[in-house]
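Notes to accompany the following structure.
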Amino acid sequence: MASDDLVVTRSCHIPLAELTWRFDASGGPGGQHANTANTRAEVAFDVAGSPSLGPRQRARLIDKVGPIARATAADTRSQSRNRELALDRLRSKLADALRVQPVRRPTRPTKAAGERRLSAKHRQSERKQGRGRPSLDE
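Counting along the sequence shown from 1, when you hit position 134 you're at 125 in the working numbering, and nothing is skipped either side.
The structure is reproduced here in C-alpha coordinates:
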(Lines of atoms letter the chains of each structure in order from A and count residues from 1; the text may use other names and numbers.)
(Lines give C-alpha, C1' and ligand atoms only; values in the text may rest on other atoms or scores of the structure.)
Protein backbone atom coordinates (compact mmCIF):
# COMPACT_ATOMS: atom_id res chain seq x y z
CA MET A 1 0.00 0.00 0.00
CA ALA A 2 1.57 3.27 -1.12
CA SER A 3 0.87 6.67 0.35
CA ASP A 4 -0.27 7.88 -3.08
CA ASP A 5 -3.35 5.64 -2.98
CA LEU A 6 -6.91 6.51 -2.06
CA VAL A 7 -7.83 3.89 0.53
CA VAL A 8 -11.55 3.19 0.13
CA THR A 9 -11.81 -0.10 2.04
CA ARG A 10 -9.32 -2.68 3.25
CA SER A 11 -9.49 -4.45 -0.10
CA CYS A 12 -9.93 -1.43 -2.40
CA HIS A 13 -7.05 0.97 -3.01
CA ILE A 14 -7.19 3.41 -5.91
CA PRO A 15 -3.99 5.08 -7.17
CA LEU A 16 -4.30 8.87 -7.19
CA ALA A 17 -3.08 8.83 -10.80
CA GLU A 18 -6.45 7.32 -11.82
CA LEU A 19 -8.36 10.35 -10.50
CA THR A 20 -9.18 13.30 -12.74
CA TRP A 21 -9.33 16.78 -11.20
CA ARG A 22 -11.11 19.89 -12.42
CA PHE A 23 -11.17 23.32 -10.79
CA ASP A 24 -13.71 26.10 -11.35
CA ALA A 25 -14.73 29.34 -9.75
CA SER A 26 -17.08 28.81 -6.83
CA GLY A 27 -20.58 30.18 -7.18
CA GLY A 28 -22.34 32.50 -4.79
CA PRO A 29 -21.14 35.58 -2.93
CA GLY A 30 -17.52 36.16 -2.06
CA GLY A 31 -16.35 39.32 -3.76
CA GLN A 32 -13.22 39.51 -5.85
CA HIS A 33 -11.68 36.36 -4.41
CA ALA A 34 -14.61 34.19 -5.57
CA ASN A 35 -14.59 35.80 -8.99
CA THR A 36 -10.86 35.31 -9.62
CA ALA A 37 -9.85 32.11 -7.81
CA ASN A 38 -10.68 28.62 -9.03
CA THR A 39 -11.40 27.13 -5.62
CA ARG A 40 -14.23 24.70 -6.44
CA ALA A 41 -12.74 21.21 -6.78
CA GLU A 42 -14.27 18.29 -8.66
CA VAL A 43 -12.72 14.84 -8.68
CA ALA A 44 -13.82 12.09 -11.05
CA PHE A 45 -12.98 8.38 -11.08
CA ASP A 46 -13.49 6.21 -14.14
CA VAL A 47 -14.99 3.09 -12.58
CA ALA A 48 -15.51 1.26 -15.87
CA GLY A 49 -11.93 1.70 -17.08
CA SER A 50 -10.02 1.32 -13.83
CA PRO A 51 -7.43 -1.48 -13.75
CA SER A 52 -7.17 -1.36 -9.95
CA LEU A 53 -10.67 -2.74 -9.35
CA GLY A 54 -11.65 -6.38 -9.29
CA PRO A 55 -14.56 -7.58 -11.44
CA ARG A 56 -16.99 -7.82 -8.50
CA GLN A 57 -16.00 -4.40 -7.17
CA ARG A 58 -16.36 -2.88 -10.64
CA ALA A 59 -19.80 -4.43 -11.16
CA ARG A 60 -21.02 -3.26 -7.75
CA LEU A 61 -19.73 0.30 -8.26
CA ILE A 62 -21.18 0.59 -11.77
CA ASP A 63 -24.50 -0.63 -10.43
CA LYS A 64 -24.52 1.84 -7.51
CA VAL A 65 -22.74 4.99 -8.78
CA GLY A 66 -22.44 4.54 -12.53
CA PRO A 67 -19.45 4.28 -14.86
CA ILE A 68 -17.92 7.52 -13.56
CA ALA A 69 -18.00 8.51 -9.89
CA ARG A 70 -17.78 12.25 -9.15
CA ALA A 71 -17.52 14.36 -6.02
CA THR A 72 -17.31 18.14 -5.70
CA ALA A 73 -16.49 20.60 -2.95
CA ALA A 74 -16.84 24.37 -2.90
CA ASP A 75 -17.20 24.79 0.86
CA THR A 76 -14.10 26.83 1.65
CA ARG A 77 -12.03 29.61 0.09
CA SER A 78 -9.01 27.32 -0.13
CA GLN A 79 -8.53 25.10 -3.16
CA SER A 80 -6.38 22.67 -1.19
CA ARG A 81 -9.05 22.25 1.50
CA ASN A 82 -11.71 21.76 -1.17
CA ARG A 83 -9.48 19.10 -2.76
CA GLU A 84 -9.36 17.24 0.57
CA LEU A 85 -13.13 17.52 1.01
CA ALA A 86 -13.84 16.29 -2.53
CA LEU A 87 -11.45 13.36 -2.07
CA ASP A 88 -13.09 12.45 1.24
CA ARG A 89 -16.56 12.65 -0.33
CA LEU A 90 -15.47 10.41 -3.19
CA ARG A 91 -14.00 7.93 -0.70
CA SER A 92 -17.22 7.77 1.31
CA LYS A 93 -19.36 7.48 -1.84
CA LEU A 94 -17.29 4.55 -3.10
CA ALA A 95 -17.18 2.89 0.34
CA ASP A 96 -20.97 3.13 0.66
CA ALA A 97 -21.41 1.62 -2.80
CA LEU A 98 -19.03 -1.25 -2.02
CA ARG A 99 -20.70 -2.10 1.31
CA VAL A 100 -22.62 -5.37 1.05
CA GLN A 101 -25.95 -5.31 2.84
CA PRO A 102 -26.55 -8.48 4.85
CA VAL A 103 -29.48 -10.57 3.68
CA ARG A 104 -32.46 -10.09 5.95
CA ARG A 105 -33.98 -13.30 7.16
CA PRO A 106 -37.65 -12.80 7.98
CA THR A 107 -38.61 -13.81 11.50
CA ARG A 108 -41.87 -14.26 13.33
CA PRO A 109 -42.68 -12.44 16.57
CA THR A 110 -42.54 -14.60 19.67
CA LYS A 111 -45.71 -15.64 21.46
CA ALA A 112 -44.87 -13.41 24.43
CA ALA A 113 -44.35 -10.41 22.12
CA GLY A 114 -47.75 -11.00 20.53
CA GLU A 115 -49.40 -11.21 23.95
CA ARG A 116 -47.68 -7.98 25.06
CA ARG A 117 -48.90 -6.21 21.95
CA LEU A 118 -52.47 -7.37 22.46
CA SER A 119 -52.51 -6.48 26.16
CA ALA A 120 -51.16 -3.01 25.33
CA LYS A 121 -53.93 -2.57 22.75
CA HIS A 122 -56.49 -3.70 25.34
CA ARG A 123 -55.18 -1.21 27.94
CA GLN A 124 -55.26 1.61 25.39
CA SER A 125 -58.83 0.67 24.42
CA GLU A 126 -59.96 0.71 28.06
CA ARG A 127 -58.25 4.06 28.61
CA LYS A 128 -60.10 5.58 25.65
CA GLN A 129 -63.42 3.99 26.68
CA GLY A 130 -63.08 5.73 30.04
CA ARG A 131 -62.82 9.15 28.37
CA GLY A 132 -66.41 9.12 27.15
CA ARG A 133 -69.34 10.98 28.69
CA PRO A 134 -70.73 9.44 31.85
CA SER A 135 -73.95 7.50 31.33
CA LEU A 136 -77.24 8.90 32.72
CA ASP A 137 -78.17 5.81 34.73
CA GLU A 138 -75.28 6.33 37.17
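Even for Gly, the Cβ is constructed at its ideal location relative to N, Cα and C.
Going by Cα to Cα distance, which pick from the options is closest to residue i?
{"i": "Ala32", "options": "Ala88, Asp87, Asn73, Ala111", "result": "Asn73"}
{"i": "Ala65", "options": "Asp(-4), Ala77, Arg47", "result": "Ala77"}
{"i": "Gln92", "options": "Lys55, Gly22, His113, Gln23", "result": "Lys55"}
{"i": "Ser2", "options": "Arg122, Lys102, Ala86, Ala50", "result": "Ala86"}
{"i": "Phe36", "options": "Gln23, Leu10, Gly123", "result": "Leu10"}
{"i": "Gln23", "options": "Asp(-5), Trp12, Arg68", "result": "Arg68"}
Quick one, are the C-beta atoms of residue i and residue j less than 8 Å apart?
{"i": "Leu52", "j": "Ala25", "result": "no"}
{"i": "Val38", "j": "Leu81", "result": "no"}
{"i": "Ser17", "j": "Thr30", "result": "yes"}
{"i": "Gln70", "j": "Phe14", "result": "yes"}
{"i": "Ala60", "j": "Lys84", "result": "yes"}
Would you decide whether residue i is buried or exposed? Buried here means 16 or more other CB atoms lie within 10 Å of its CB.
{"i": "Leu109", "result": "exposed"}
{"i": "Met(-8)", "result": "Since pLDDT at Met(-8) reaches only 46, below the 50 mark, its modelled position is unreliable, and no value is offered."}
{"i": "Ala62", "result": "buried"}
{"i": "Val135", "result": "Because the chain spans -8 through 129 in this model, residue 135 falls outside it and cannot be assessed."}
{"i": "Leu(-3)", "result": "buried"}
{"i": "Gln115", "result": "exposed"}
Which partner residues does residue i have in the DSSP bridge list?
{"i": "Thr63", "result": "Glu33"}
{"i": "Arg13", "result": "Glu33"}
Would you be able to state if there are at least three C-beta pairs under 8 Å between the region 4 to 16 and the region 43 to 52?
-> yes
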